[in-house]
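Below is one structure, written out as structure tokens, with a few remarks after it.
Residue numbers (UniProt numbering): 1 to 194.
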């Protein structure tokens, strides 16, 4: 089970330099510095650790998290490498809808007992299951990146128990997340019409 206590040490990130290590290291060091500053200055601080954040978007360009999620469909190898690396490290792809992450931020800001780190991840799936769900939603799709069962390991339990124990509940499940992401990408012409 992966929970808030499963934080890798910055020196381990620096030593292994796995895919995306600079991003991971900068997040770890920034969070550590922020918590130290908050402690030194008597400030209450909450940190939310998100999984991959897809869903509808209003940006001028398609968010990278969406490009990563849909890379088996689009065939963008740069993003598929990221998706594969996440799946290899965690044994699954964990997702949280953009609306749920926004709701979690508001929930924790308003909750008097909120403190420390919180994982916000509604559901996980294997990489092969993800491609199956994408092809169900985008029915005329030809999955460009061949995903074999070799990518699938034992599904990791990415636990949001600490957040849920405070009373937070997720509004969007896995199929809804993928459906809304694909629909938005069709609206933005990132994906060709069905």
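Even glycine gets a Cβ: it sits at the ideal position worked out from N, Cα and C.
Whose C-beta lies closer than 6 angstroms to the C-beta of residue 13 among residues of the same chain, with five residues either side of it excluded? As a first step, residue 13 must be located in the chain shown, where it is residue number 13. For residue 13, where only same-chain residues beyond five positions count, the Cβ hits under 6 angstroms are 21, 24, 25.
Express the C-alpha separation of residue 53 and residue 196 in angstroms, rounding to a whole number. Missing from the structure shown is residue 196; the chain here goes from 1 to 194 and no further.
With DSSP run on the structure shown, which of helix, strand or coil describes residue 8? Within the chain shown, numbered from 1, the residue matching residue 8 stands at position 8. In this structure, DSSP gives residue 8 a state outside helix and strand, which the three-state scheme calls coil.
With distances taken from CA atoms, which of 50, 64, 80, 183 is nearest residue 101? Working through the chain shown from its first residue, we reach residue 101 at position 101. Nearest in C-alpha terms to residue 101, of all of 50, 64, 80, 183, is 50.
If you drop the 5 nearest sequence neighbours on each side, which residues of the same chain put their C-beta closer than 8 angstroms to that of residue 191? Walking along the chain shown from the start, residue 191 turns up at place 191. Excluding sequence positions up to five before and after residue 191, its CB lies within less than 8 angstroms of the CB of 70, 73, 74, 138, 182, 185, all in the same chain and listed in chain order.
Short of 8 angstroms in beta carbon distance, which residues of its chain neighbour residue 173, apart from the five on each side in sequence? Order them along the chain. Along the chain shown, one-based indexing puts residue 173 at 173. Around residue 173, the same chain offers 122, 123 as residues with beta carbons nearer than 8 angstroms, after the five sequence neighbours per side are excluded.
Any chance you could list the beta strand (DSSP E) runs of at least 3 consecutive residues sitting entirely within the segment 111 to 190, in chain order? Counting only runs of at least 3 residues, the segment 111 to 190 fully encloses the following beta strand (DSSP E) elements, listed from N- to C-terminal order: 116 to 120, 123 to 125.
For a test of the three-state rule: what should DSSP assign to residue 47, helix, strand or coil? Position 47 of the chain shown, counting from 1, holds the residue named residue 47. Assigned with DSSP and collapsed to three states, residue 47 falls in strand.
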